[in-house]
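Q:
2 protein chains.
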Amino acid sequence: VIRLQDVRRIYKVGVERIHALDGIDLDIRKNEYVAVMGPSGSGKSTLMNILGCLDRCTSGTYELNGRNTTRLSSGGLAHVRNTQIGFVFQSFELLPRLNALKNVELSLIYAAGTTWLSRRTRARETLVRVGLTERVKHRPNQLSGGEKQRVAIARALSNNPSILLADEPTGNLDTKTSEGVMKLFDQLHREGQTIIIVTHEEHVARHAERILQMRDGQIISDERTGPN
Amino acid sequence: VIRLQDVRRIYKVGVERIHALDGIDLDIRKNEYVAVMGPSGSGKSTLMNILGCLDRCTSGTYELNGRNTTRLSSGGLAHVRNTQIGFVFQSFELLPRLNALKNVELSLIYAAGTTWLSRRTRARETLVRVGLTERVKHRPNQLSGGEKQRVAIARALSNNPSILLADEPTGNLDTKTSEGVMKLFDQLHREGQTIIIVTHEEHVARHAERILQMRDGQIISDERTGPN
Ligand SMILES: Nc1ncnc2c1ncn2[C@@H]1O[C@H](COP(=O)(O)OP(=O)(O)OP(=O)(O)O)[C@@H](O)[C@H]1O
Ligand SMILES: Nc1ncnc2c1ncn2[C@@H]1O[C@H](COP(=O)(O)OP(=O)(O)OP(=O)(O)O)[C@@H](O)[C@H]1O
Ligand SMILES: [Mg+2]
Ligand SMILES: [Mg+2]
Numbered sequence: 047v048i049r050l051q052d053v054r055r056i057y058k059v060g061v062e063r064i065h066a067l068d069g070i071d072l073d074i075r076k077n078e079y080v081a082v083m084g085p086s087g088s089g090k091s092t093l094m095n096i097l098g099c100l101d102r103c104t105s106g107t108y109e110l111n112g113r114n115t116t117r118l119s120s121g122g123l124a125h126v127r128n129t130q131i132g133f134v135f136q137s138f139e140l141l142p143r144l145n146a147l148k149n150v151e152l153s154l155i156y157a158a159g160t161t162w163l164s165r166r167t168r169a170r171e172t173l174v175r176v177g178l179t180e181r182v183k184h185r186p187n188q189l190s191g192g193e194k195q196r197v198a199i200a201r202a203l204s205n206n207p208s209i210l211l212a213d214e215p216t217g218n219l220d221t222k223t224s225e226g227v228m229k230l231f232d233q234l235h236r237e238g239q240t241i242i243i244v245t246h247e248e249h250v251a252r253h254a255e256r257i258l259q260m261r262d263g264q265i266i267s268d269e270r271t272g273p274n
Numbered sequence: 047v048i049r050l051q052d053v054r055r056i057y058k059v060g061v062e063r064i065h066a067l068d069g070i071d072l073d074i075r076k077n078e079y080v081a082v083m084g085p086s087g088s089g090k091s092t093l094m095n096i097l098g099c100l101d102r103c104t105s106g107t108y109e110l111n112g113r114n115t116t117r118l119s120s121g122g123l124a125h126v127r128n129t130q131i132g133f134v135f136q137s138f139e140l141l142p143r144l145n146a147l148k149n150v151e152l153s154l155i156y157a158a159g160t161t162w163l164s165r166r167t168r169a170r171e172t173l174v175r176v177g178l179t180e181r182v183k184h185r186p187n188q189l190s191g192g193e194k195q196r197v198a199i200a201r202a203l204s205n206n207p208s209i210l211l212a213d214e215p216t217g218n219l220d221t222k223t224s225e226g227v228m229k230l231f232d233q234l235h236r237e238g239q240t241i242i243i244v245t246h247e248e249h250v251a252r253h254a255e256r257i258l259q260m261r262d263g264q265i266i267s268d269e270r271t272g273p274n
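Protein chains in written order, with the numbering used here: chain A, 47 to 274; chain B, 47 to 274.
1. Suppose the cutoff is 7 Å on Cβ atoms and the five residues either side in sequence are ignored; what does the same chain contact list for residue 177 of chain B look like?
2. Quick one: which chain B residues come within Cβ less than 7 Å of residue 193 of chain A?
3. Could you give the first and the last residue of the continuous beta strand (DSSP E) run that contains residue 105 of chain B?
4. If we count the other Cβ atoms within 10 Å of its Cβ and call it buried at 16 or more, is residue 155 of chain A buried or exposed?
5. List the residues of chain B that residue 223 of chain A touches, going by C-beta distances under 9 Å, in chain order.
6. Listing by chain order, which chain B residues have their CB less than 8 Å from the CB of residue 136 of chain A?
7. At 7 Å on the CB atoms, spell out the chain A contacts of residue 60 of chain B, in chain order.
8. Touching or not, the region 63–71 of chain B and the region 86–98 of chain A, by the rule of three or more beta carbon pairs under 8 Å?
9. So, does the region 254–269 of chain B touch the region 85–96 of chain B, judging by three or more C-beta pairs under 8 Å?
10. Since I believe residue 81 of chain B is in contact with residue 245 of chain B (beta carbons under 8 Å), could you give me their beta-carbon distance rounded to a whole number of angstroms?
11. Does the distance between the C-beta of residue 65 of chain A and the nearest non-hydrogen atom of ligand 1 fall short of 7 Å?
12. Strictly by DSSP, which residues pair up with residue 267 of chain A?
13. Measure from the alpha carbon of residue 234 of chain A to the alpha carbon of each residue in A:74, A:132, A:116, then state which is nearest.
14. Give the range of the beta strand (DSSP E) segment to which residue 189 of chain A is assigned.
15. Taking contact to mean 3 or more Cβ pairs, one atom from each stretch, closer than 8 Å, check whether the region 185–196 of chain A and the region 138–145 of chain A are in contact.
16. I'd like to know if residue 188 of chain B contacts chain A, where contact means its C-beta is closer than 8 Å to some C-beta of that chain.
17. Should residue 153 of chain A and residue 75 of chain A be called a contact, given that it needs their Cβ atoms to be closer than 8 Å?
18. Check whether the Cβ atoms of residue 130 of chain B and residue 213 of chain B sit closer than 8 Å, and answer yes or no.
19. Where does residue 54 of chain B fall in DSSP's three states?
20. So residue 240 of chain B packs on residue 199 of chain B, CB below 8 Å; how close in whole Å?
21. At a Cβ threshold of 8 Å, is residue 139 of chain B touching chain A?
22. Within 10 angstroms of its Cβ, does residue 169 of chain A collect 16 or more other Cβ (buried), or is it exposed?
23. If you measure from the CB of residue 68 of chain A, is any heavy atom of ligand 2 nearer than 7 Å?
24. Can the beta-carbon of residue 79 of chain A be found less than 8 Å from the beta-carbon of residue 255 of chain A?
25. Just checking my contact of residue 83 of chain A with residue 257 of chain A at CB under 8 Å: how many whole Å lie between their CB atoms?
26. Buried or exposed: residue 117 of chain B, going by 16 or more other Cβ atoms within 10 Å of its Cβ?
27. Any heavy atom of ligand 3 within a distance shorter than 7 Å of the CB on residue 136 of chain A?
28. If we call anything under 8 Å between Cβ atoms a contact, is residue 106 of chain B one with residue 53 of chain B?
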């Protein structure tokens, strides 16, 4: 469902050129569960931004569901993002003036065949599933770090995306809350979702069936995990 | 050096009252190394904000170095923050228009007896110590999550504060980078600093000599860690 061929992403800072992605070849099949690990600065978030159609590669191609995304307009990319992809950002990216419930509802605007009532119900359900029943009316600055992270997760999940991209989704969560989130991801995987998760925690990566290791903008290893 | 007595912090959201801190009694001695753990939403960041003089308690008292902070004006609190405390925020809080070097230099403005050259040198040194030699001219939106986290750490450390408060300082760091940061904290502890670190990771907490567990705004356990 995902195919990257010789993807590169170069940032310019002054006269410096940074090869954030330095030639990535990657195939991911439908309903695969992949973890991405690697040192700080190795290109994980950059890879996720390209997979999530939030950024374009400098060169190379990205085929998503057989379609060459490199040829889509920014409107076309936005449509793919809103209908097929759920993205949990490393820095959450919640809208500061909306409370948790509204932040999640907003991602449902693009879901076909919804009414404002069904969106509200669906948003509330997802927030309950990440343990935030008591915090739905809080705005982001009235939430703890781990609560914001869970709103970001709820927002990504509520639209039932076929592809879930999660960048360090448990970085601010204690062990017990983090296990709750991983159980939720595991269940979504059983229900058919394709899941790609960036994490620096071994015990989180082991939920996946395949682990990619990145370094300096390249994938240096790609292993099946043993049965759990 | 730190004494909290029956400290409470209540937030109001609409008609709801949230007891983020629900009666905290805590003594921390000079040069102690304390880890704080607990579920998401249990009050850890709220506790850190009060210890760091960024927030006032709703009731109770906070003595810092024998001085009752509850009586200080906001100017007095700012002075304490700038001269005695180094704070690593859970969400980094870097200034978006300044590059990494300038973000760190800014925290040195209050250090007595510095020139712009000594501040620049000191800021650069601290960024090298957290492995960011190559990224000093990048602004926050040109940095990875873990790089931003390390700039926040460098900024907290460069002023040689007597008390270091770090809220999830390794939440976005891979294991190897995280060990580098913990080695740095351990060294600062040997040099005499008092360190209080919030973390959800066991292996990070074990660097400390004492671990507090929080739940629902209270400290429910307070244990010495065994020798490492
Ligand atoms: N400004 C605020 N207004 C209202 N409620 C708040 C505010 N800040 C925090 N809270 C609530 O107070 C509780 C404690 O928050 P705090 O940030 O201290 O938790 P925490 O232990 O640091 O959690 P985490 O591990 O998720 O970072 C949370 O349930 C949160 O929703
Ligand atoms: N907009 C940008 N401009 C310039 N350089 C950038 C930009 N964004 C990222 N970089 C650089 O590209 C490299 C890869 O960044 P990326 O965010 O993908 O790393 P990462 O693997 O997600 O790291 P982390 O684990 O710390 O989150 C980093 O060294 C970073 O400094
Ligand atoms: Mg990243
Ligand atoms: Mg917190």
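For every residue, glycine included, the Cβ atom is placed at its ideal position computed from N, Cα and C.
This one's a predicted model, so the numbers in the text were calculated from it and none came from an experiment.
A: So, from the data block:
1. Same-chain partners within the cutoff: 196, 223, 226.
2. What residue 193 of chain A touches in chain B: 86, 87.
3. Segment 105–110, the beta strand (DSSP E) holding residue 105 of chain B.
4. So residue 155 of chain A ends up on the exposed side.
5. Those are 85, 86, 87, 246, listed as they occur along chain B.
6. For a Cβ distance threshold of 8 Å, residue set 191, 218 of chain B lies close to residue 136 of chain A, ordered along the chain.
7. Chain A residues near residue 60 of chain B: 183.
8. Not touching, per the Cβ criterion.
9. Yes: the two stretches touch, three or more of their Cβ pairs being nearer than 8 Å.
10. Right, their Cβ atoms sit about 6 Å apart.
11. Ligand 1 has no heavy atom closer than 7 Å to the beta-carbon of residue 65 of chain A.
12. A:259, per the DSSP bridge assignment.
13. When only C-alpha atoms are compared, the closest one is A:132.
14. That residue, residue 189 of chain A, is in no beta strand (DSSP E); it is neither H nor E in DSSP.
15. Yes, they touch.
16. For residue 188 of chain B, the nearest beta carbon of chain A is closer than 8 Å to its own beta carbon.
17. No; because the gap between Cβ atoms is not below 8 Å, this pair is not in contact.
18. No, Cβ-Cβ distance for residue 130 of chain B and residue 213 of chain B is not below 8 Å.
19. DSSP, reduced to helix, strand and coil, places residue 54 of chain B within a strand of the structure shown.
20. Separation of the CB atoms of residue 240 of chain B and residue 199 of chain B is rounded to 16 Å, and the pair is thereby denied contact status at 8 Å.
21. Residue 139 of chain B does not count as touching chain A.
22. Its Cβ being crowded by 16 or more others within 10 Å, residue 169 of chain A is buried.
23. Look at residue 68 of chain A: its beta carbon is at least 7 Å from all of the heavy atoms in ligand 2.
24. In this structure, residue 255 of chain A lies closer than 8 Å to residue 79 of chain A by Cβ.
25. Yes, residue 83 of chain A and residue 257 of chain A are in contact; Cβ-Cβ is about 6 Å, under 8 Å.
26. Residue 117 of chain B should be labelled exposed.
27. It does: the Cβ of residue 136 of chain A is within 7 Å (strictly closer) of some heavy atom of ligand 3.
28. In this structure, residue 53 of chain B lies closer than 8 Å to residue 106 of chain B by Cβ.
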